[in-house]
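The block underneath contains the structure these notes are about, expressed in structure tokens.
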Amino acid sequence: MDLSMTLREALEREASGTALTQLTAAVERLSTRYRAVAAASDPILAKPVDVLAYAHYRMPATFGAVRAALRALAASGTFEAGSVRSLADLGGGTGAAAWAAADVFDSLEEVSVLDQVPEALDLGQRLAKASGVSALARTVWQEGRVGSWNVSVGSPSAGGADLVTVSYVLSELTSEQADKIVAEAAAAATRAIVIVEPGTPDGYRRILRARDQLLAETWQVAAPCPHQGECPLLAKDEPDWCHFAARVNRSSVHRQIKGGELSHEDEKFSYVAMVRRPAHLAQGFAAPAADASASEQPTRVIRHPRKNKGFVELQVCESSDASNASGQVRRAVVSKKQGALYKQARDIGWGDTIDLG
4 MDLSMTLREA LEREASGTAL TQLTAAVERL STRYRAVAAA SDPILAKPVD
54 VLAYAHYRMP ATFGAVRAAL RALAASGTFE AGSVRSLADL GGGTGAAAWA
104 AADVFDSLEE VSVLDQVPEA LDLGQRLAKA SGVSALARTV WQEGRVGSWN
154 VSVGSPSAGG ADLVTVSYVL SELTSEQADK IVAEAAAAAT RAIVIVEPGT
204 PDGYRRILRA RDQLLAETWQ VAAPCPHQGE CPLLAKDEPD WCHFAARVNR
254 SSVHRQIKGG ELSHEDEKFS YVAMVRRPAH LAQGFAAPAA DASASEQPTR
304 VIRHPRKNKG FVELQVCESS DASNASGQVR RAVVSKKQGA LYKQARDIGW
354 GDTIDLG
């Protein structure tokens, strides 16, 4: 089931009683605030119209980005998608990440969304009940702040949720608060954590900080990195950052409040998906073999492929050695002479994995 259209329709119904001028004005205020990229001392979504405007201009994009990250986790080979029965979304607002998880994991049964804005939770609950998905309709909506959440989802024996998501939250926090919410995610997650931020240099740095924190706390990277070492983009002479894009279809209301003309937009995002290391693996995980060669590790396409006549140019990140400890970024050229690999490269997308042999 593709829930993106269902979400768009539910949002449009919610906006039917609100003037577009109000939504547009709220979007302009919120856009200015989010572009500041600074910690918020008070909730940014201060009014019900702010919550509704935010849901319209950000929820489809958040859904698309988180869904892409969750699909990468499910395809990583370190994680069994059918094992995800419970989700906790920290700072989840109106529940976009919960919708994304329900879209990716058919096995999802229990969902908890935690946020500090009651109006966001109320709107999220109404939208979820209109989804037609039983797990979303039964979602538990909890109010609280970083450091005070009680993640009550998953079986009592599990002590938390199979999957914890933190999306577009770190940029609203101080470094200390961001570290705390990542620690809370690690404490609540029994199997996997996915963190998503804007695909900007600042968002990328926040992802790297969270990645380093989790690597130090018995977690391993499942995606997008094909290694557990330092990001090789940091060693480049010219500044660069790891990010990807998700295509988002716009509704008519979405286009009007954002002043856009195209029927779609590309949401740029950075992310990391982490799973517990072998010593802490729960049922449903498979650790990479200790003697796996570099060629057996997933190679990630980190830029739009350049398709030329007779060959495809790829910018890829891959493991640099059999120990899987460090990575390297390089340009790979796949020619027509390479047959099946060339056909695969012609169809490959930004963010996909490819076995270059």
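My numbering applies: residue 4 is where the sequence shown begins, and numbers increase by one. Idealized CB from N, CA, C, for every residue including glycine.
- Of the candidates G352, W353 and L317, the residue whose Cα lies closest to the Cα of V337 is L317.
- With fewer than 16 neighbouring CB atoms inside 10 Å of its own CB, S151 falls in the exposed class.
- Each of R32, K339, R74 and G95 was checked against the Cα of T356, and the nearest Cα belongs to R74.
- Nearest Cα to G202 within the set P229, E179 and A249: A249.
- In its chain, beyond the 5 residues on either side, A105, L111, E112 and V114 have a beta carbon closer than 6 Å to the beta carbon of A138.
- Look at the beta carbons and you see the stretch 127–145 not touching the stretch 176–191: under three pairs across the two are nearer than 8 Å.
- By the neighbour-count criterion, in which 16 or more other beta carbons inside 10 Å mark a residue as buried, L237 falls on the exposed side.
- Contact check for Y274 against I210 passes: the beta carbons are separated by less than 9 Å.
- Rounded to the nearest whole angstrom, the C-alpha separation of P308 and P121 is 43 Å.
- Check the Cα spacing between R88 and each of V54, R194 and L6: the tightest is with R194.
- In the structure shown, P51 falls within a helical segment according to DSSP collapsed to helix, strand and coil.
- In the displayed model, Y274 falls within a strand according to three-state DSSP.
- In the DSSP assignment, the residues bridged to Q223 are V278.
- Beyond the five residues adjoining it in sequence on each side, A64 comes within less than 6 Å, by CB distance, of V251 and E270 in the same chain, given in chain order.
- A distance below 9 Å separates the beta carbons of G67 and S7.
- Contact check for L126 and D118: beta-carbon distance about 11 Å, past the 8 Å limit, so the pair fails to qualify.
- As summarised for the stretch 133–221, the continuous beta strand (DSSP E) elements at least 3 residues long and confined to that stretch are 143–146, 164–170 and 192–201, given in chain order.
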